Structure formats: structure tokens, C-alpha cells
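Per this note's numbering, the sequence shown runs over residues 28 to 463.
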Amino acid sequence: MPVKDLIRPIRVAVIGAGYVGVTQAAGLAHLGHEVRVGERDENRLTSLRSGRIPFFEPGLEDLVSAGLAQERLGFYASNRKAVEGASVVFITLPTPTGEDGGADMSILDQAVSDLASDLEPGAALAIKSTVPPGTVLRLSRLPEIIQKKVAVQANPEFLREGSAVADFLQPDRIVIGSTDREQAERLADEVYGPLPGKRIMVDPTSAEMIKYASNAYLATRLTFANSIANLCEEIGADAASVLEGIGHDHRIGPHYLAPGPGYGGSCLPKDVSALHEIARQHGHDLQLLATVMEVNGNQRRRIFGKVARALCGEVSGSTVGLWGLSFKADTDDIRHSPAVDIAVRLTRAGANVQAYDPQAEFSLPGLELVADPLAAAAGADALLIATEWEQFRQVDWGRVRELMRGSEVVDARNLVAREVVEAAGLCYQGVGRGVR
């Protein structure tokens, strides 16, 4: 989608060429800025310099290639070189889950400490990584930051894997947390000038909390949908109809109400756990989030149980066809993927798993990656649809029936119509589909 050029391009730096960093860098270059990215991984650097991104994200590779061709985007092995002359530096480094369930800040803290003396006097240091509330204020007290009058700000990202380019160019909101509102507005105008979306200017701690609270709420909605769907199965109601009915209430809305195998990916599991730990450290028991995490884990076990029942309890020695490995469609990300979790459970129980995913790969004893959905179904005693890839809707179910040894299909995403599957002579189980 076209975005008019900025009136005054500036030099910016992005530290970390992961999913968020590459999207941020390519998006800013698209707006007209001169962007330098610092990345230590040599293989990743080689790939990015040639215009190839080391993960799957629709439309992003084209944006990177365009930035390189226009000489607005560059990738550097040295963070010092990347931040040279930059008036704004974005930190997009990982904050993985630590042993206590909270965010492990070691990578980000070390990078900021190393970079502080190289920042331009008066530069803005924008933290896009998801960090515990209070992080920006803590970093602002570093001696080098104070000496150089660097403005440390929180600028959380709200990108969804599979639609990151659109989310960058058409954001719902741009959140900036700063102790100086004028500085925050300057960052918004200079960096994101032509982008739409509500500008939300708050203090740093509130900005950091916005990100955690947003993801915790999304995880809670998904968990609520699964809980209602499971009850619908027991009482004979149809969860799709029930959730559609409540989603038409404008106070609720339809988003994140699709039942399935539970949430996964790089953000929701990590951030729900981190927020729960943050609350614990402050003497507050967020029981709701503890329940969300427990129910989400139970949902994966529930889907495994559906497959086990489809096999009449004889999982060991069976062959299960698995459609999907990524945690959601339109990404190759398998971090905390329900599909992978269930595959692990199946192989540990003695099943042989034939898995197909258009983008994701995973290595596991007892799991064989195959070339297409039909190959995954061939000779299978049961078939599990674990990821909602669009191509799975287009499968010839008559051919699937011919290839399968068994006749049981477990649709953990409610992706296909029961009538279509049953018309082919197969038995269908969905999630929350209690009405036949």
C-alpha cells in the first residue's frame, strides 16, 4: 500500500535483525529514512544483504529488496557502525522467558550498555522490545545516557506474524512512552510522520505496560473462546454459532474468538508468563493469568486426547497425518506451536507422525516431513489439522479418503466444513462442534 514520502528523511539505526527488527528497518526505509541495522549473526547478515530474509513473512522480502536497491537500507556487523550519525536508535532485541518465568533482560541490557558511549549526543533511544515496566526509567539512569542527554523512550511493537508489513504501514496505534511529551511527539512526527493510527503519548512505564496488557488480554480472549467451545461440546451446542453470536455485540467484537488448540508463537506465551511474574514480584497475585496459562496447556492435551480417542486409545504403533507445524498460518514460526507440542506428545506415545507444512520445518524422532497434504494423509490411521493454512481448505477429500488407512479427521482449527469431510466417507471431530 502506498505511503507518501517523508518531507525530511533522517538516519535511524535498528539494533537486532530479528522479526521485529527487519520489519521495522524495512518499513522505515520504505518511508524514506536512511536505515542501518546492526546484527552480529554472520549468516543472517549475508542473507539480508542479498535481499533474502531468514524467516517467512509475506511481503517483507520485497520491502527489504526495495530498501537495498534504493540504498536506504544497510546491514552491519558492527552496532557501533550502525548507530553512527543516527538521531534515533531502535532496540529490537529478544527478551526471552527466564528461569523464573519473567523476561530475561541480559541480551538487551548488555547491548544498551555497550552502545551507550557510541550514541550521538541528544539522540533518541527507542525500546521496541517487550520489556518489564520500569525498564526505560532504569536505562535512563545509565551514566553514559545521562552524560550524552540521550532520550530513552518506550515504543512497543504490535506486529502480527503473517501480516507484519500491513501492521507497520497501517497501525491501529503508535504508542510512545517518554518523560518528555515534546520529545515523544517529535519522535512520532520525525519517524512515523505519514503513518495513520492513533498517537498515544504516555509515560514510559505505562507504554511498557500497554504491550504486556494487550497480549495478556488477547491470550485471555482466546482462552475464553476455547473454554466456551469445550463446554459447547459437552452440552450439544455449536461453538462457532455461539461465539459468532456474542461477537456481534459491539462491546465484545469478533476478533480472537476462534476456538482451536491454544495460543502459541513468540509473544503471547512469553508475555503472559512475564506479566504474571511481574505481578508476583510486586506482591500481586494475577490469578486470571495463572488460569489462562493452565487452560492453554490443557487445551493442547485435550486435542491430543481427541486424536487418541480417534485411534481408539491405540496410539502406539499408529500413523497420524499432521497438517501444519507453525503456530499459525502465514508464518514459519514454530515457537510454542500447539502443532509441534501435540506432535511431540504423539511421538512420545509411540505414534509415527507424517507432517506437512507449507513453510515450517521441525525435526523429531518419530516425525517425518512430507511433501504435501496428501502425502501426510497416505496410510494414516487418523488425520490432525493443527494449523489453519488456506491450502488445507482446497484439498480433495475424496482423494484423502482413498489414501488414508483409517477414517478419523480431527480438525483442531475448525478449518473445514464437517459436511464436506463426512460426504467423503470420513469421520469428523472439530473443536466445540457439538451439533451434528
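Cβ atoms here follow ideal geometry from the backbone N, Cα and C, with glycine treated the same way.
Fair warning: this is a prediction, and the values are worked out from it, not measured in the lab.
Taking its Cβ as the centre, do 16 or more other Cβ atoms sit within 10 Å of Y244, making it buried, or is it exposed?
Counted from its first residue, the sequence shown places residue 244 at position 217. Counting Cβ neighbours within 10 Å, Y244 comes out exposed, since fewer than 16 surround it.
Taking 8 Å as the CB-CB cut-off, is I227 touching chain B?
In summary, chain B is missing from the structure at hand, where a single protein chain is found.
By DSSP, does L349 sit in helix, in strand, or in coil?
Residue mapping note: residue 349 aligns to position 322 of the sequence shown, counting from 1. L349 falls in the strand class under three-state DSSP.
Are there 16 or more other CB atoms within 10 angstroms of the CB of A381, so buried, or fewer, so exposed?
The residue labelled residue 381 in the question sits at position 354 within the sequence shown. Note on residue identity: the sequence assigns Gln, not Ala, to residue 381. Buried is the call here.
The segment 159 to 170 in contact with the segment 185 to 197 per 3-pair CB rule at 8 Å
no
Return the CA-CA distance between L453 and D276, expressed in angstroms with no decimal places.
The count along the sequence shown starts at 1 and reaches residue 453 at position 426. The count along the sequence shown starts at 1 and reaches residue 276 at position 249. Cα-Cα distance, rounded: 36 Å.
By Cβ distance, which residues of its chain are closer than 6 Å to V436, with the 5 residues on each side in sequence left out?
Position 409 of the sequence shown, counted from the first residue, corresponds to residue 436. L410, V448, L453, Y455.
I'd like the list of long-range same chain contacts for L55, defined as Cβ closer than 8 Å, with 5 residues on each side in sequence excluded.
For the purposes of this step, residue 55 is taken as residue 28 along the sequence shown, with counting starting at 1. Only V39, V41, V62, V218 meet the Cβ criterion.
Within 8 Å, strictly: CB atoms of V322 and T250
Counted from its first residue, the sequence shown places residue 322 at position 295. Counted from its first residue, the sequence shown places residue 250 at position 223. Cβ atoms of V322 and T250: closer than 8 Å.
With a threshold of 16 other CB atoms inside 10 Å of the CB of S353, please say whether the residue is buried or exposed.
Translated into the one-based positions of the sequence shown, residue 353 becomes position 326. That one is buried.
Verify whether the separation of the beta carbon atoms of A138 and N182 is less than 8 Å.
Position 111 of the sequence shown, counted from the first residue, corresponds to residue 138. Position 155 of the sequence shown, counted from the first residue, corresponds to residue 182. Cβ distance not < 8 Å, so A138 and N182 don't count as in contact.
Is there contact here, the segment 277 to 293 with the segment 210 to 229, by at least three beta-carbon pairs under 8 Å?
no
Alpha carbon to alpha carbon, what distance is there between L295 and L313?
Here residue 313 refers to the residue found at position 286 when the sequence shown is read from its first residue. Here residue 295 refers to the residue found at position 268 when the sequence shown is read from its first residue. Their backbone Cα atoms lie some 16 Å apart in a straight line.
For N441 and P286, which I take to be in contact (beta-carbon distance under 8 Å), what is that distance rounded to the nearest angstrom?
As a working note, residue 441 is residue 414 in the sequence shown. As a working note, residue 286 is residue 259 in the sequence shown. The Cβ separation is near 7 Å, so the contact holds.
Round the Cβ separation of S74 and P81 to the nearest angstrom and send it over; I've been treating them as touching at under 8 Å.
Within the sequence shown, residue 74 is the residue found at index 47, counting from 1. Within the sequence shown, residue 81 is the residue found at index 54, counting from 1. About 5 Å separates the two Cβ atoms, so the contact holds.
Assign M228 to one of three DSSP states: helix, strand, or coil.
Working through the sequence shown from its first residue, we reach residue 228 at position 201. Three-state DSSP puts M228 in a strand.
Quick one: using the 10 Å Cβ neighbour count with 16 as the cut-off for buried, is N70 buried or exposed?
Mapped onto the sequence shown, residue 70 falls at position 43. Its Cβ having fewer than 16 others within 10 Å, N70 is exposed.
Of the choices A402, D399, G377, whose alpha-carbon is the least far from that of L391?
In the sequence shown, counting from the first residue as 1, residue 391 sits at position 364. The shortest Cα separation from L391 among A402, D399, G377 belongs to G377.
Using the three-state DSSP reduction, which class does V41 fall into: helix, strand or coil?
One-based indexing of the sequence shown puts residue 41 at position 14. The answer is strand: DSSP assigns V41 an E or B state.
State the Cα-Cα distance for the pair I172 and P148, rounded to the nearest angstrom.
On the sequence shown, position 145 is the one that residue 172 refers to. On the sequence shown, position 121 is the one that residue 148 refers to. C-alpha separation (whole angstroms): 9 Å.
Got a sec, what are the start and stop residues for the alpha helix (DSSP H) D438 sits in?
As a working note, residue 438 is residue 411 in the sequence shown. Taken as a continuous stretch (DSSP letters only), D438 belongs to no alpha helix (DSSP H), being part of the beta strand (DSSP E) at 435 to 438.
Ordered along the chain, which non-local residues of its own chain (more than five positions away) have a Cβ less than 8 Å from that of V47?
Taking the sequence shown and counting its residues from 1, the one referred to as residue 47 is at position 20. If we look at V47 and ignore the five residues flanking it on each side, its Cβ neighbours are T119, K155, S156, E184, L186.
Bounding residues of the alpha helix (DSSP H) (the contiguous stretch that carries G54)
Taking the first residue of the sequence shown as position 1, residue 54 is located at position 27. Segment 46 to 58, the alpha helix (DSSP H) holding G54.
Alpha carbon to alpha carbon, what distance is there between V319 and E261?
Stepping through the sequence shown from its first residue, residue 261 is reached at position 234. Stepping through the sequence shown from its first residue, residue 319 is reached at position 292. When rounded, the distance between both Cα atoms is 21 Å.
From L100, H60, H57, residue whose alpha carbon lies closest to that of S77:
For the purposes of this step, residue 77 is identified with residue 50 of the sequence shown, where counting begins at 1. The option with the nearest alpha carbon to S77 is L100.
What did DSSP end up calling G324 once you bin it into helix, strand or coil?
Against the sequence shown, residue 324 aligns to sequence position 297. Helix, per DSSP.
Based on DSSP bridge pairs, tell me the residues matched to R200.
The residue labelled residue 200 in the question sits at position 173 within the sequence shown. K225, per the DSSP bridge assignment.
Test item: CB-CB of L425 and D438 under 8 Å:
Position 398 of the sequence shown holds residue 425. Position 411 of the sequence shown holds residue 438. As written in the sequence, residue 425 is Gly, which differs from the Leu given in the question. Their beta carbons are not under 8 Å apart, which means G425 does not touch D438 by this criterion.
DSSP bridge partner residues for L394 (one or two, in chain order):
Within the sequence shown, the letter at position 367 stands for residue 394. According to DSSP, L394 bridges with V380.
Is G457 helix, strand or coil by DSSP?
The count along the sequence shown starts at 1 and reaches residue 457 at position 430. Of the three classes helix, strand and coil, the one that applies to G457 here is coil, per DSSP.
Counting only runs that start and end within the segment 73 to 119, where is the beta strand (DSSP E) found for 3 or more residues in a row?
100 to 103, 115 to 118
Do you know whose CA, among H309, Q210, P223, V269, lies nearest G161's CA?
Counted from its first residue, the sequence shown places residue 161 at position 134. Taking only the C-alpha atoms, the option nearest G161 is H309.
Rounded to a whole number of angstroms, what is the C-alpha to C-alpha distance between V179 and A404?
Position 152 of the sequence shown, counted from the start, is the residue given in the question as residue 179. Position 377 of the sequence shown, counted from the start, is the residue given in the question as residue 404. Answer to the nearest angstrom: the Cα atoms are 53 Å apart.
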